[in-house]
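**Student:** Taking the UniProt record's numbering, the leading residue of the sequence shown gets 1, the next gets one more, and so forth. Every residue, glycine too, gets a C-beta built ideally from N, C-alpha and C. Sharing a structure, written as structure tokens. Questions coming.
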Amino acid sequence: FSGVLSEEVLQALLELQEQLAAITVQVPSSDREVTLKDVCYAPLNPSQPQLGDCCVNSVTQYFQNNSTHLAMTATQTDGKKTGTADWHDHLIYCVNSPLSFKDVTALELSCMAEYGGP
């Protein structure tokens, strides 16, 4: 992986997404506050979406937009070799198997997005 795709960059992207998701806009004509959940595409909960139901396409969805998942490591043994599985391994697995509910690494994370879809 290059410097463009590092854990630090992914963490910064996740923080930026969280800031954008928290933006609210006041509608002057109705004195109503509008948030992302009011205008987002929420395919699995279209009638009363919460913020986590919104379909936001991002590489961080492979980690369910969760910084703890992104930072996880686990000891993994493959035959006689022992190493550490981390975000690299999970990302590679998910790019190849985006519909997986649990990767084959020792992390055992889902590849499904926070909203429940691929």
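Which value, in whole angstroms, describes the spacing of the CA atoms of T68 and D31?
**Tutor:** For this step, residue 68 is matched to residue 68 along the sequence shown. For this step, residue 31 is matched to residue 31 along the sequence shown. In a straight line, the C-alpha of T68 is about 37 Å away from that of D31.
**Student:** Would you report the Cα separation of P49 and T84, rounded to the nearest angstrom?
**Tutor:** By one-based count along the sequence shown, residue 49 stands at place 49. By one-based count along the sequence shown, residue 84 stands at place 84. Answer to the nearest angstrom: the Cα atoms are 37 Å apart.
**Student:** Extract the residue ranges of the alpha helix (DSSP H) inside the stretch 41-108, only unbroken runs of 4 or more that lie entirely within it.
**Tutor:** Entirely contained in the stretch 41-108, the alpha helix (DSSP H) runs reaching 4 residues are, in chain order, 67-71, 87-96.
**Student:** For Y93, which residues in the same chain have their Cβ closer than 8 Å to its Cβ, ignoring the five residues on either side in sequence?
**Tutor:** Indexing the sequence shown from 1 puts residue 93 at position 93. S100, D103, V104, T105, C111, listed in sequence order.
**Student:** Nearest to V34 by alpha carbon, out of D53, I23, P43?
**Tutor:** Here residue 34 corresponds to residue number 34 of the sequence shown, with the count starting at 1. Answer by Cα proximity: I23.
**Student:** For D53 versus A42, is the C-beta spacing smaller than 7 Å?
**Tutor:** Counting from one through the sequence shown, the residue named residue 53 turns up at place 53. Counting from one through the sequence shown, the residue named residue 42 turns up at place 42. Yes, Cβ-Cβ distance for D53 and A42 is below 7 Å.
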